[in-house]
Amino acid sequence: MLTSLHIEGNSLLHRLSVRAKLIALVASSIGLFLSGSLAVQAIAFVIAAALYLSVGLSPKEALKRVGFVFLTIFFLAAVNLFYLSVAEVATLTLRLMALVTFAAAVTATTTISAFMDEITILLLPLERLGWLKAADVSLALGLVLRFVPDIFARYQAIREAHRARGLPVRPLTIIGPLIILTLKDADTIAAAIDTRGFRRQ
Amino acid sequence: MDIRFTDCAVRFGERVALQPLTLTLNEKRIGIIGLNGSGKTTFARLINGLVKPSTGSVTVNGLDTVKDDRAVLSEAGFIFQNPQHQLIMPVVAEDIAFGLKNRGLSRDEIDRRMQAALSRFGIEHLARRRVHELSGGETQLVAMASVVVTDPKILILDEPTNQLDLKNRRRVAGAIDDLPEDTVVITHDLALVENVERLLLFHEGRLAFDGNPQGAIHRYHEIAGC
Ligand SMILES: Nc1ncnc2c1ncn2[C@@H]1O[C@H](COP(=O)(O)OP(=O)(O)O)[C@@H](O)[C@H]1O
Ligand SMILES: [Mg+2]
Numbered sequence: 002m003l004t005s006l007h008i009e010g011n012s013l014l015h016r017l018s019v020r021a022k023l024i025a026l027v028a029s030s031i032g033l034f035l036s037g038s039l040a041v042q043a044i045a046f047v048i049a050a051a052l053y054l055s056v057g058l059s060p061k062e063a064l065k066r067v068g069f070v071f072l073t074i075f076f077l078a079a080v081n082l083f084y085l086s087v088a089e090v091a092t093l094t095l096r097l098m099a100l101v102t103f104a105a106a107v108t109a110t111t112t113i114s115a116f117m118d119e120i121t122i123l124l125l126p127l128e129r130l131g132w133l134k135a136a137d138v139s140l141a142l143g144l145v146l147r148f149v150p151d152i153f154a155r156y157q158a159i160r161e162a163h164r165a166r167g168l169p170v171r172p173l174t175i176i177g178p179l180i181i182l183t184l185k186d187a188d189t190i191a192a193a194i195d196t197r198g199f200r201r202q
Numbered sequence: 438m439d440i441r442f443t444d445c446a447v448r449f450g451e452r453v454a455l456q457p458l459t460l461t462l463n464e465k466r467i468g469i470i471g472l473n474g475s476g477k478t479t480f481a482r483l484i485n486g487l488v489k490p491s492t493g494s495v496t497v498n499g500l501d502t503v504k505d506d507r508a509v510l511s512e513a514g515f516i517f518q519n520p521q522h523q524l525i526m527p528v529v530a531e532d533i534a535f536g537l538k539n540r541g542l543s544r545d546e547i548d549r550r551m552q553a554a555l556s557r558f559g560i561e562h563l564a565r566r567r568v569h570e571l572s573g574g575e576t577q578l579v580a581m582a583s584v585v586v587t588d589p590k591i592l593i594l595d596e597p598t599n600q601l602d603l604k605n606r607r608r609v610a611g612a613i614d615d616l617p618e619d620t621v622v623i624t625h626d627l628a629l630v631e632n633v634e635r636l637l638l639f640h641e642g643r644l645a646f647d648g649n650p651q652g653a654i655h656r657y658h659e660i661a662g663c
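Taken in order, these protein sequences are the chains called A and B. Taken in order, the first sequence gives residues 2 to 202; the numbers are from the numbering used here. Taken in order, the second sequence gives residues 438 to 663; the numbers are from the numbering used here.
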């Protein structure tokens, strides 16, 4: 079962600093959006996929992580085929797939606390302007990463409970209890964050 | 510890979770027992300001839980009924260091304190483990380490041995006994509180007994009808 998005390892991406990875991610997003060339997107996707497969995930697990987003992208592509040429749709699709794959590779090779520390530092200038609290924003982002697997695990548990009781397993019937349980936990988690003194001011 | 409840009551909407209560706690070891829903957690959460009094006030070592809420949080650490929910970071070492962030401590200092907290509970070997993969007993010990690392003076433990087997129950009970901090322990595990200095029994939102463990446990059996 997926218990954490980060996996241990010593691949190239593991050794790069968090900052370098975040900058690379932002730069490649901008670069790929500026380029209309199908070949560039294709090469980017191949590189992203190679990096992603080098981080130490099993192919099955690797596919599972991006599968849902890929399906969404393919759906969009199918719709776009009505309006755009095949080449244009291929460019759009490969661009999104390359970025999602690269982002998944960065996520898999970055610990949440390293990520949070880096975001805090990057946001400090905005904190000085009085726009936001850097530590709070990084905590929010960190918590999303931290609890994605939990929510996923809970979804499966509720689905099993439905099956065991012979109830039809429909996403809509599962989402209700999922949201309620998640909010209940969120309450405790928020209390725990406060008692543990993460937010000092 | 010096915890004072003055005419303190708690309501959730219409529902009265805790009837008005005036009480001072000075002992080092305090226990709380009572049936499910009797108000134990609400009472304990009042101590570190997670629940605010609807009327009256609570002070902890002279700090008011409403006015000085941040200071109270660092004075009184809380170990939750479901320790899984208080482990925020995915790896044990990261999680223990979590409470030390945003304090302007150096990396070395954070590391040193984290190691010290782990070794207090004899769980240095768990440092690199994922919090999801810990057993119940290990989770509880990690949760305790993650709270003591910020040096609270008082520790509140809500049903710390609830989900544990006999062996882990002993292990966690031993760790609680050894805590140098003042403790308030809520439990259904009567063995855990038979030697406390003062045992409070709650029933339907009221303090039904306040005194020695034998008296409180006797009264508890009467209330439970067995
Ligand atoms: N956040 C809340 N909102 C509404 N009711 C609550 C809340 N917390 C506790 N209660 C109610 O207050 C009463 C006491 O609960 P609690 O202190 O959790 O009891 P105990 O810990 O002894 O099982 C219960 O009836 C419970 O349903
Ligand atoms: Mg309770």
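C-beta atoms are modelled at their ideal positions from N, C-alpha and C, and glycine is treated no differently.
Could you check which residue in the options has the C-alpha nearest to that of residue i?
| i | options | result |
| --- | --- | --- |
| Leu64(A) | Leu77(A), Phe75(A), Ala50(A) | Ala50(A) |
| Thr102(A) | Glu128(A), Ile74(A), Ala154(A), Phe153(A) | Ile74(A) |
| Arg448(B) | Arg466(B), Leu472(B), Thr479(B) | Thr479(B) |
| Asp137(A) | Asn605(B), Asp619(B), Asn539(B), Met581(B) | Asn539(B) |
| Ser29(A) | Glu161(A), Leu54(A), Gln157(A), Met98(A) | Met98(A) |
| Pro527(B) | Val170(A), Ser38(A), Gly143(A) | Gly143(A) |
| Lys465(B) | Glu575(B), Asn498(B), Thr492(B), Thr459(B) | Asn498(B) |
| Ala78(A) | Ser139(A), Leu95(A), Phe153(A) | Leu95(A) |
| Phe639(B) | Arg441(B), Glu451(B), Leu455(B) | Leu455(B) |
| Ser475(B) | His655(B), Phe646(B), Cys663(B) | Phe646(B) |
Straight-line CA distance for residue i to residue j?
| i | j | result |
| --- | --- | --- |
| Asp439(B) | Pro150(A) | 41 Å |
| Lys489(B) | Lys185(A) | 19 Å |
| Pro457(B) | Phe148(A) | 38 Å |
| Ile120(A) | Val145(A) | 14 Å |
| Leu524(B) | Val80(A) | 43 Å |
| Asp619(B) | Ser18(A) | 42 Å |
| Ala109(A) | Val47(A) | 18 Å |
| Ile613(B) | Arg557(B) | 11 Å |
Please tell me whether, using a cut-off of 7 Å, the distance from the CB of residue i to the nearest non-hydrogen atom of ligand 1 is below it.
| i | result |
| --- | --- |
| Lys185(A) | no |
| Lys477(B) | yes |
| Phe449(B) | yes |
| Asn485(B) | no |
| Leu454(B) | In the sequence under discussion, the amino acid at residue 454(B) is Ala, which differs from the Leu named in the question. For ligand 1, at least one heavy atom lies less than 7 Å from the Cβ of Ala454(B). |
| Asn519(B) | no |
Should residue i be counted as a contact of ligand 2 given a C-beta to heavy atom distance under 7 Å?
| i | result |
| --- | --- |
| Gln600(B) | no |
| Asp711(B) | In the structure as shown, chain B begins at 438 and stops at 663. Residue 711(B) is therefore absent and cannot be evaluated. |
| Asp626(B) | no |
| Gln577(B) | no |
Should residue i go down as buried or exposed, given a rule of 16 or more other Cβ atoms within 10 Å for buried?
| i | result |
| --- | --- |
| Phe165(A) | It is worth fixing the name first, because residue 165(A) is Ala in this sequence and not Phe. The residue is exposed, with fewer than 16 neighbouring Cβ atoms inside 10 Å. |
| Met2(A) | Low local confidence applies: a pLDDT of 39 at Met2(A) is under 50, so the model's placement there is unreliable, with the coordinate-based value given in what follows. By the 10 Å Cβ count, Met2(A) comes out exposed. |
| Leu130(A) | exposed |
| Ile24(A) | exposed |
| Tyr84(A) | exposed |
| Gln577(B) | buried |
| Gln651(B) | exposed |
| Glu659(B) | exposed |
| Thr92(A) | buried |
| Val529(B) | buried |
| Gly611(B) | exposed |
Members of the stretch 175 to 200 of chain A near chain B, C-beta cut-off 8 Å:
Within the stretch 175 to 200 of chain A, Asp186, Thr189, Ile190, Ala192, Ala193, Ile194, Asp195, Thr196, Arg197, Gly198, Phe199, Arg200 place their CB atoms closer than 8 Å to a CB of chain B, listed in sequence order.
Compile a chain-ordered list of the residues in the stretch 469 to 500 of chain B whose CB is closer than 7 Å to at least one CB of chain A.
Only those residues of the stretch 469 to 500 of chain B whose C-beta falls short of 7 Å from the nearest C-beta of chain A are listed: Asn485, Leu487.
Identify each residue in the stretch 109 to 124 of chain A for which the Cβ-Cβ distance to at least one residue of chain B is less than 7 Å, and report them in chain order.
Listed in sequence order: Thr112, Ile113, Ser114.
With 9 Å as the C-beta to C-beta threshold (strictly closer), list the residues of the stretch 154 to 169 of chain A near chain B in chain order.
Hits within the stretch, in order: Ala154.
Can you list, in chain order, the residues of the stretch 526 to 539 of chain B whose Cβ is nearer than 8 Å to any Cβ on chain A?
Taking 8 Å as the Cβ-Cβ cut-off, the stretch 526 to 539 of chain B approaches chain A at Met526, Pro527, Val528, Glu531, Ala534, Phe535, Gly536, Lys538, Asn539, given in chain order.
Interface positions of the stretch 577 to 589 of chain B facing chain A (Cβ-Cβ less than 7 Å), listed along the chain:
Flagged, chain order: Ser583, Val584, Thr587.
With 8 Å as the limit, tell me which residues of the stretch 539 to 553 of chain B have their beta carbon closer than that to any beta carbon of chain A; keep them in chain order.
Across the stretch 539 to 553 of chain B, CB contacts with chain A closer than 8 Å involve Asn539, Arg540, in sequence order along the chain.
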